[in-house]
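**Student:**
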Amino acid sequence: MNNKQLTKVLPLIFGLILLLAQGYLFQMYQEARIAVSQKAIIYEISIFLIFFVVGILIEWGTIQNAIKNGFKINFKLFAFASILLLIAFIPLDIYILIFGIDNKIINLITPLTRTAISILSGIFIVRSLIMKNPL
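First residue of the sequence shown: 10, per the numbering used here; consecutive thereafter.
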């Protein structure tokens, strides 16, 4: 296996390992929620951090090109991605404290929605790197 193939396969393997770890963390998160443990917040943030890294891995080719050719940062897209990341990382309990359990916005902050937001924020963070010398 040459270096070019290896740089395509390793992020895929790493991503699969991360998704397996996420499954384990999700099980621990559910147990902590049932036990009303403060560890649930740590598990919840860790799960969405894993999805953020998966979003970065999706754009692995862009990262490689940016490293090879140089880059500058599109600060508007970077700020947007950072706000999305913040939305995804805020624990559900905090949303409930702020908006209440009966508020319609809670329906928009479901775990599935926050998973998608985490992945998108990883993708947007990488895409905020603008190539100085595009290929």
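In this text, a Cβ means the ideal position worked out from N, Cα and C, and glycines have one as well.
Between the alpha carbons of V62 and P20, how many angstroms are there, rounded?
**Tutor:** So the two alpha carbons sit approximately 10 Å from each other.
**Student:** Sorted by chain position, which residues of the same chain lie with C-beta nearer than 7 Å to I126's C-beta, five sequence neighbours on each side aside?
**Tutor:** Correct list, in chain order: L93, I96, A97.
**Student:** How far does the beta strand (DSSP E) with K81 in it reach, from first residue to last?
**Tutor:** Start and end: 80-82.
**Student:** Among I107, L58, F57, I134, which one has its Cα closest to the Cα of I82?
**Tutor:** Comparing Cα positions, the closest option is I134.
**Student:** How many Å lie between E53 and I139 at the Cα?
**Tutor:** Their backbone Cα atoms lie some 31 Å apart in a straight line.
**Student:** What are the boundary residues of the alpha helix (DSSP H) that S130 is part of?
**Tutor:** Taken as a continuous stretch (DSSP letters only), the alpha helix (DSSP H) holding S130 covers 120-136.
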